[in-house]
Amino acid sequence: MKARCLPRRAIQPRRAPSVLLTAALLLGICLLLLSPPSTAGPDATLYVYAVTPLRARALEQKIEESMPGVDVTVFGKLSDFKTALETSPPSAALSPRPVLASLNRNADLQGLKAGSDAEQYLLVSTKSLTRDMLLSLRYGMIDLVERKALPKFVAGLLGVSDAPEVRRVTKIEDLLQLLQFQTADAVLLPERFRSDFESKSKMHFTMLSLSTAKVGLVAVTFLSDRQFIEGAIRKLPRHVLADLGVDEWK
Numbered sequence: 002m003k004a005r006c007l008p009r010r011a012i013q014p015r016r017a018p019s020v021l022l023t024a025a026l027l028l029g030i031c032l033l034l035l036s037p038p039s040t041a042g043p044d045a046t047l048y049v050y051a052v053t054p055l056r057a058r059a060l061e062q063k064i065e066e067s068m069p070g071v072d073v074t075v076f077g078k079l080s081d082f083k084t085a086l087e088t089s090p091p092s093a094a095l096s097p098r099p100v101l102a103s104l105n106r107n108a109d110l111q112g113l114k115a116g117s118d119a120e121q122y123l124l125v126s127t128k129s130l131t132r133d134m135l136l137s138l139r140y141g142m143i144d145l146v147e148r149k150a151l152p153k154f155v156a157g158l159l160g161v162s163d164a165p166e167v168r169r170v171t172k173i174e175d176l177l178q179l180l181q182f183q184t185a186d187a188v189l190l191p192e193r194f195r196s197d198f199e200s201k202s203k204m205h206f207t208m209l210s211l212s213t214a215k216v217g218l219v220a221v222t223f224l225s226d227r228q229f230i231e232g233a234i235r236k237l238p239r240h241v242l243a244d245l246g247v248d249e250w251k
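Residue 2 is where the sequence shown starts when you use our numbering, and the numbers rise one by one after that.
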């Protein structure tokens with residue numbers, strides 16, 4: 002009798018919360034289906050290996066900030082650059098022309114400095130240098146080709162027929178250490194780094210400029226998405242181009 006006297010609303014189930022929840026779920030599903038698909042990742046990828054005093058991460062940030070929509074990876078070692086190209090090809094790769102040639106890649110876009118597509122390398126030593134002694138010296142060189150090919154590459158820069166003994170390094174500062182610890186008699190240094198190189202040591206250097214010691218500047222090879230990424234590369238600001246050793250593209 003007491004149950005029959007209870008108000009009707011007290012004995013009916015409360016459906017309002019469940020109805021609202023169902024409506025909210027349906028609305029969420031509709032919005033999800035109608036929304037455009039999200040794009041995961043950047044529009045293009047660029048791999049970089051360059052001869053520069055900057056750390057790889059610092060150069061990577063500078064380039065990436067100047068290329069919206071491009072995922073940039075700068076490699077500090079040639080071997081890592083080569084492996085990445087083979088296992089996970091990017092949209093484009095940027096490196097000195099000899100590097101691309103050693104990897105059997107064409108230079109689709111060439112960097113220029115003062116109208117030239119090559120830069121002068123200097124022979125630097127703490128000893129007196131003459132052309133007659135070139136075959137007897139041990140050399141230090143930035144890694145631009147594969148290990149086995151580097152001695153022959155250096156011989157070409159020196160203008161000699163026999164391949165000399167060569168120590169590979171990955172950074173400009175490493176060349177200075179080769180001379181300091183006398184593990185090389187001379188090193189091959191890009192001329193654009195001359196003043197910075199001399200300022201970091203109290204040693205007295207002898208420098209020799211050889212007409213044969215010219216190395217191709219950075220170039221770009223395209224693997225995909227050329228139209229988009231080429232436009233981004235051509236728009237790189239001058240201060241970034243300077244870090245790469247060029248001032249324009251052709």
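Even glycine gets a Cβ: it sits at the ideal position worked out from N, Cα and C.
The structure presented is a predicted model; accordingly, all values stated were derived computationally and were not measured.
Extent of the continuous alpha helix (DSSP H) to which residue i belongs
{"i": "Phe223", "result": "From DSSP, Phe223 is part of no alpha helix (DSSP H) but of the beta strand (DSSP E) over 219 to 223."}
{"i": "Leu237", "result": "Where Leu237 is concerned, there is no enclosing alpha helix (DSSP H), given that its DSSP letter is neither H nor E."}
{"i": "Ala108", "result": "Neither: Ala108 is in no alpha helix (DSSP H) and is coded neither H nor E."}
{"i": "Phe198", "result": "195 to 200"}
{"i": "Leu104", "result": "Taken as a continuous stretch (DSSP letters only), Leu104 belongs to no alpha helix (DSSP H), as it is neither H nor E."}
{"i": "Gln178", "result": "173 to 181"}
Chain-order list of residues whose beta-carbon lies under 6 Å from that of residue i (same chain, five-residue window excluded)
{"i": "Met208", "result": "Leu123, Val125"}
{"i": "Met68", "result": "Ala233"}
{"i": "Glu66", "result": "none"}
{"i": "Leu237", "result": "Ser67"}
{"i": "Gln228", "result": "none"}
{"i": "Glu231", "result": "none"}
{"i": "Asp226", "result": "Ala45, Ser92"}
{"i": "Leu159", "result": "Leu135"}
Among the options, nearest to residue i - alpha-carbon criterion
{"i": "Asp162", "options": "Ala185, Asp133, Thr46, Ala119", "result": "Reading the sequence as shown, one finds Ser at residue 162 and not Asp. Closest by alpha carbon: Asp133."}
{"i": "Leu95", "options": "Thr74, Thr88, Val216", "result": "Thr74"}
{"i": "Ser103", "options": "Asp144, Met204, Leu179", "result": "Asp144"}
{"i": "Arg98", "options": "Ile230, Thr222, Leu55", "result": "Thr222"}
{"i": "Thr121", "options": "Asp197, Thr131, Thr213, Pro238", "result": "For the record, residue 121 in the displayed sequence is Gln; it is not Thr. The shortest C-alpha separation from Gln121 is found at Thr213."}
{"i": "Pro54", "options": "Leu177, Ala185, Leu130, Phe182", "result": "Leu177"}
{"i": "Asn1", "options": "Ala93, Ala119, Ser117, Lys149", "result": "Since the first and last residues shown for the chain are 2 and 251, residue 1 lies out of range."}
{"i": "His171", "options": "Glu192, Ala156, Arg148, Asp118", "result": "The displayed chain sequence assigns Thr, not His, to residue 171. Closest by alpha carbon: Arg148."}
{"i": "Ser89", "options": "Thr127, Ala57, Lys128, Tyr48", "result": "Tyr48"}
{"i": "Asp72", "options": "Thr46, Val52, Ala59, Pro91", "result": "Thr46"}
{"i": "Lys215", "options": "Ser117, Ala59, Leu179, Phe198", "result": "Ser117"}
{"i": "Asp175", "options": "Ala115, Lys201, Gly160", "result": "Lys201"}
Close beta carbons around residue i, own chain, < 7 Å, minus the five adjacent residues each side
{"i": "Glu249", "result": "Leu113"}
{"i": "Met50", "result": "The sequence shown places Tyr at residue 50, not Met. Same-chain partners within the cutoff: Phe76, Leu79, Phe82, Ser96, Val100."}
{"i": "Lys63", "result": "Val241, Asp244"}
{"i": "Arg235", "result": "Trp250"}
{"i": "Ala57", "result": "Val75, Phe76, Gly77"}
{"i": "Leu86", "result": "Tyr48, Ala94, Leu104"}
{"i": "Leu130", "result": "Leu124, Ala187, Thr207, Leu209"}
{"i": "Ala41", "result": "Residue placement at Ala41 cannot be trusted, given a pLDDT of 36 that sits under 50; what the coordinates show is reported in the next sentence. No residues qualify anywhere along the chain."}
{"i": "Asp197", "result": "Pro54"}
First and last residue of the uninterrupted beta strand (DSSP E) at residue i
{"i": "Arg168", "result": "166 to 170"}
{"i": "Val188", "result": "187 to 191"}
Beta-carbon proximity list for residue i, same chain, < 8 Å, skipping 5 on both sides
{"i": "Leu151", "result": "Met142, Asp144, Leu145, Val167, Arg169"}
{"i": "His205", "result": "Thr127"}
{"i": "Leu60", "result": "Val49, Ala51, Thr53, Val75, Asp244"}
{"i": "Glu192", "result": "Glu120, Gln121, Tyr122, Leu123, Ser210"}
{"i": "Ala156", "result": "Ser162, Asp163, Ala164, Pro165"}
{"i": "Pro37", "result": "Low per-residue confidence applies at Pro37: pLDDT is 44, beneath 50, and the placement is therefore not dependable, though the value from the model is reported in the following sentence. Nothing meets the Cβ criterion."}
Supposed contact pair residue j and residue i - C-beta distance, whole angstroms, cut 8 Å
{"i": "Pro165", "j": "Leu136", "result": "7 Å"}
{"i": "Ala185", "j": "Arg239", "result": "So it is not a contact: roughly 34 Å between Cβ atoms."}
{"i": "Ala220", "j": "Leu110", "result": "6 Å"}
{"i": "Gly246", "j": "Leu218", "result": "6 Å"}
{"i": "Ile173", "j": "Phe194", "result": "6 Å"}
{"i": "Pro91", "j": "Leu224", "result": "6 Å"}
Along the chain, which unbroken stretches of the beta strand (DSSP E) at least 3 residues long are found entirely within the segment 35 to 98?
45 to 49, 71 to 75, 93 to 97
Kindly provide the ranges of any beta strand (DSSP E) runs that are 3 or more residues long and lie completely inside the segment 122 to 169, ordered along the chain.
139 to 143
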